[in-house]
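In my numbering, the protein residues as written are 240 to 358. Ideal placement from N, C-alpha and C gives every residue a C-beta, glycine not left out.
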């Protein structure tokens, strides 16, 4: 019986390790909110592209941010603070400042929107 209890405790301990969140440093990035579909397909950005960007984002296109030096970030939602991401979506083709942790995986750089400010 002791071995069964010991095994269960070990398994539960290992499972709980999967829920550990490694804190990321908060960073702030400034740039233009993009709809990634048009930006990737035909470099759609800027004031002339605003109407299209808003339409594409509202229809579900991925949201991005391009900085003045040309770095592109995928903007992702924080599942616990959804309001910031929803605000970013409303600012397609606008200049903003987004604060949140930055992740890089498989060559893709993303910022998780914790807060956003229109510039």
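Residues bridged to residue i [DSSP beta-bridge criterion]
| i | result |
| --- | --- |
| residue 354 | 338 |
| residue 312 | 304 |
| residue 348 | 343 |
| residue 268 | 337 |
| residue 191 | Nothing can be reported for residue 191: it is not among the residues displayed for the chain, which extend from 240 to 358. |
CB-CB length for residue i against residue j, believed under 8 Å
| i | j | result |
| --- | --- | --- |
| residue 303 | residue 273 | 4 Å |
| residue 265 | residue 343 | At roughly 16 Å, the Cβ-Cβ gap does not stay under 8 Å, so residue 265 and residue 343 are not in contact. |
Contact check, residue i vs residue j, beta carbons under 9 Å
| i | j | result |
| --- | --- | --- |
| residue 271 | residue 317 | no |
| residue 293 | residue 349 | no |
| residue 335 | residue 282 | no |
| residue 276 | residue 300 | yes |
Local conformation of residue i per DSSP, three classes
| i | result |
| --- | --- |
| residue 293 | helix |
| residue 323 | helix |
| residue 318 | coil |
Closer than 8 Å: residue i CB and nearest the ligand PLP heavy atom
| i | result |
| --- | --- |
| residue 339 | Here there are no bound small molecules, and the ligand PLP is not part of this structure. |
Spatial distance of residue i from residue j (CA atoms)
| i | j | result |
| --- | --- | --- |
| residue 354 | residue 315 | 12 Å |
| residue 200 | residue 278 | Coverage of the chain is limited to positions 240 through 358, which leaves residue 200 absent and any answer about it impossible. |
| residue 341 | residue 263 | 7 Å |
| residue 296 | residue 346 | 23 Å |
| residue 311 | residue 305 | 4 Å |
| residue 285 | residue 358 | 14 Å |
| residue 291 | residue 322 | 23 Å |
Cutoff 9 Å: residue i Cβ touching any chain D Cβ
| i | result |
| --- | --- |
| residue 316 | Of the protein chains in the structure, only one exists, and it is not chain D. |
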